[in-house]
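Structure first, then comments.
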Amino acid sequence: MAIVELRFTALPEHVRTARLVAAAVARRAGVAESVLDEVRLAVGEACSRAVGLTRQVGADEPVTVTLDDGDGRFSIEVRDAVPQPAVVGAGESGGSVGLPGPSGANGMSLDVAESELGLAVILGLVDELDVRAGADGGSIRMSWPSEKGKIGDDPLGL
Amino acid sequence: MAIVELRFTALPEHVRTARLVAAAVARRAGVAESVLDEVRLAVGEACSRAVGLTRQVGADEPVTVTLDDGDGRFSIEVRDAVPQPAVVGAGESGGSVGLPGPSGANGMSLDVAESELGLAVILGLVDELDVRAGADGGSIRMSWPSEKGKIGDDPLGL
Amino acid sequence: MDLSLSTRTEGGRTVVEVGGEIDVYTAPKLREQLVELVNDGSYHLIVDMEGVDFLDSTGLGVLVGGLKRVRAHEGSLRLVCTQERILKIFRITGLTKVFPIHTSVEEAVNATD
Amino acid sequence: MDLSLSTRTEGGRTVVEVGGEIDVYTAPKLREQLVELVNDGSYHLIVDMEGVDFLDSTGLGVLVGGLKRVRAHEGSLRLVCTQERILKIFRITGLTKVFPIHTSVEEAVNATD
Ligand SMILES: Nc1ncnc2c1ncn2[C@@H]1O[C@H](COP(=O)(O)OP(=O)(O)O)[C@@H](O)[C@H]1O
Ligand SMILES: Nc1ncnc2c1ncn2[C@@H]1O[C@H](COP(=O)(O)OP(=O)(O)O)[C@@H](O)[C@H]1O
Chain V
115 MAIVELRFTA
125 LPEHVRTARL
135 VAAAVARRAG
145 VAESVLDEVR
155 LAVGEACSRA
165 VGLTRQVGAD
175 EPVTVTLDDG
185 DGRFSIEVRD
195 AVPQPAVVGA
205 GESGGSVGLP
215 GPSGANGMSL
225 DVAESELGLA
235 VILGLVDELD
245 VRAGADGGSI
255 RMSWPSEKGK
265 IGDDPLGL
Chain E
115 MAIVELRFTA
125 LPEHVRTARL
135 VAAAVARRAG
145 VAESVLDEVR
155 LAVGEACSRA
165 VGLTRQVGAD
175 EPVTVTLDDG
185 DGRFSIEVRD
195 AVPQPAVVGA
205 GESGGSVGLP
215 GPSGANGMSL
225 DVAESELGLA
235 VILGLVDELD
245 VRAGADGGSI
255 RMSWPSEKGK
265 IGDDPLGL
Chain A
6 MDLSLSTRTE
16 GGRTVVEVGG
26 EIDVYTAPKL
36 REQLVELVND
46 GSYHLIVDME
56 GVDFLDSTGL
66 GVLVGGLKRV
76 RAHEGSLRLV
86 CTQERILKIF
96 RITGLTKVFP
106 IHTSVEEAVN
116 ATD
Chain Y
6 MDLSLSTRTE
16 GGRTVVEVGG
26 EIDVYTAPKL
36 REQLVELVND
46 GSYHLIVDME
56 GVDFLDSTGL
66 GVLVGGLKRV
76 RAHEGSLRLV
86 CTQERILKIF
96 RITGLTKVFP
106 IHTSVEEAVN
116 ATD
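Residue numbers (this note's numbering), protein chains in the order written: chain V, 115 to 272; chain E, 115 to 272; chain A, 6 to 118; chain Y, 6 to 118.
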């Protein structure tokens, strides 16, 4: 179970670093090439959201991204330290949390679209998803199938 | 003062991630293109060394890389959690700590070369260097000039 | 990779050719460009996304913002995009129903719907 | 980018053409290759580094290890390298004095020093 953790000051530029790291680690963890674009986009959305929330409240706390390739799945958790009194609510795997999706989009107002587009993208991309908001901050947890062991083996034999 | 921190399980594959992150963040911090190769190589050496030490003692502790672009310098600190009873000693900026260098290399035995090549590379590359070893682990701190502000400014204006 | 922007006029419409990555870091530049065009009286915009490598929701938000601005002047904002991975992002957010999406700049310039 | 290795014989020497990155992650593959060659009786090796993009001290260590092995059989290990950023790494570690470094495989094959 190899873990990589990235922690960064809430600035937009570091969201790019998070995308870069997530894609590189996911590739090495054996996530299919066709899925890497999704991973990159989803982690970027989760981090953009965390950065935005942190800056909105003027907080200093960093954003933390944890990458884990255990048990045949590659999982990413993005955490912010902004107390969210159930603004978002907890979404279960693939569950709809009342966000604009393809189905309800027909008469959708542009205001709704703009405010939670990030979560809408994540919901549209990721099957295994868990969104939490709490007094100690929010987290978005996502995972994808991986082929751990095929590439992640240690060739050093130290 | 923007900080990025990467923490990873002591495995060779993650050294690549550290190189990737360090080079990307250094570029954005305004480190000259001509120096990026040095940054990539130096952080790789420091991380390889930390991974090697951690695995030698069979420890579980992660390796931590801290990137900081404050005060016109881009600095990197690589820490391991392996207690080192002054094996290495503390080197001051640019100081020689008795390692093989270009000067003393003539009659150098191949054994010496192999065991501390990593530190020799770092010493040869980095001017601003601080190597420490202590009961709570070792650290290598390096820094380079940067042009903070030119690229690192926040264009979001949130 | 950074964002590249270039603007030209074609058949009475303003074509904004976008290249590179539209994300949380670069989207503000695109927003500025669109706001400037509308302030200068260009109300019929075509955003050519064929050179875009990466698009996130911040980029979508900027496009939605542009659409609102031109609509306030009875204008239009059309997109040119044939890249499946970019189209997918419009689709999963329901924005294919909000933006007219064309397969070429020519088609967008001639559109009258 | 990963390591690529290909081996051929030229003028009684064994040429190992290396491409990509020789680092803490891939160096073990190069070590295996060198050990195998020596075990199979190839004692005059030429490592062609012209295709190498990245080299770290683990890679240097593997080359030093190879040199020790061939020397145990009165053999030789020559390098081909003209890339300044790779040469620099040999220079700062003093290894330019340990390895004969040539500017082409031809030069290395014909070397008799
Ligand atoms: N400065 C950067 N820092 C971190 N990640 C970056 C940076 N620039 C680009 N990326 C990311 O790295 C990936 C490849 O970028 P690349 O085309 O190499 O751009 P660049 O040449 O500017 O580094 C992209 O997916 C992008 O998200
Ligand atoms: N799987 C990887 N994980 C992290 N970093 C990598 C990986 N592969 C290569 N790199 C680093 O990224 C940089 C660019 O690698 P690249 O040529 O894009 O390789 P790849 O196509 O295999 O990702 C190199 O400097 C290398 O150190």
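Yeah, the Cβ is synthetic: ideal placement off N, Cα and C, and Gly gets one too.
What does the alpha-carbon distance come out to for the pair glycine 232/V and alanine 195/V? 18 Å
Residues of the segment 55–68 of chain A whose Cβ lies closer than 8 Å to any Cβ of chain V, in chain order: Phe59, Asp61, Ser62, Thr63, Leu65, Gly66
Using 8 Å as the limit for Cβ to Cβ distance, is alanine 234/V near chain E? no
Histidine 128/V, enclosing alpha helix (DSSP H) - first and last residue: 126–142
Would you say valine 235/V and leucine 181/V are within 8 Å of each other, going by their C-beta atoms? no
Under 7 Å from any heavy atom of ligand 4, does the C-beta of threonine 178/V make it? Annotation note on ligand 4: not contained in the displayed structure, which lists ligand 1 and ligand 2 as its ligands.
Within 8 Å, do at least three Cβ pairs link the segment 166–180 of chain E to the segment 138–146 of chain E? no
Counting C-beta neighbours from all protein chains within 10 Å, is the total for glycine 158/V 16 or more, i.e. buried, or is it exposed? buried
What's the gap between the Cα of alanine 136/V and the Cα of glycine 184/E? 25 Å
Does any C-beta atom of chain V lie closer than 8 Å to the C-beta of leucine 39/A? no
Is the Cβ-Cβ distance between arginine 74/A and leucine 39/A less than 8 Å? yes
With a CB to CB cut of under 6 Å and the five nearest residues on each side skipped, what residues in its chain are close to serine 9/Y? Gly24, Gly25
Take the Cβ of serine 81/A as the centre, count every other Cβ of all protein chains shown within 10 Å, and call the residue buried at 16 or more, exposed below. buried
Against chain A: residues of the segment 126–139 of chain V by CB proximity under 7 Å: Pro126, Glu127, Val129, Arg130
Which chain A residues are close to leucine 155/V, counting only those with a beta carbon under 8 Å from its beta carbon? Phe59, Asp61, Ile94
Would you list the one or two residues that DSSP bridges to glutamate 26/Y? Phe59/Y
Hey, glutamate 242/E and arginine 142/V: beta-carbon distance below 8 Å or not? no
Under 7 Å by beta carbon: chain Y residues contacting glutamate 159/E: Asp61, Ser62
Do you know how far the Cα of threonine 31/Y is from the Cα of histidine 49/Y? 23 Å
Using C-beta distances below 7 Å, list every residue in its chain close to valine 129/V, excluding the 5 sequence neighbours before and after it, in chain order. Gly158, Cys161, Ser162, Val165
Euclidean distance between Cα positions of serine 257/V and alanine 132/E: 22 Å
Tell me, which residues are paired with aspartate 53/Y by DSSP? Glu22/Y, Val85/Y
Look up histidine 78/A in the DSSP assignment and give the residues it is bridged to. For histidine 78/A, which the question treats as bridged, DSSP gives no partner whatsoever.
Give me, in chain order, the residues of the same chain whose beta-carbon lies closer than 8 Å to that of aspartate 250/V; leave out the 5 immediate sequence neighbours on both sides. Ala195, Pro197
Can you tell me whether phenylalanine 95/A is helix, strand or coil according to DSSP? helix
Can you tell me which of the three DSSP states aspartate 7/A falls into? coil
Based on Cα-Cα distance, which residue from Leu239/E, Glu230/E, Asp151/E, Ser189/E lies nearest to proline 259/E? Ser189/E
Less than 8 Å separating the beta-carbons of glutamate 152/E and leucine 237/E? no
In this structure, what does DSSP give as the bridge partners for serine 257/E? Ser189/E, Glu242/E
Please classify arginine 13/A as buried or exposed, where buried requires at least 16 neighbouring CB atoms within 10 angstroms. exposed
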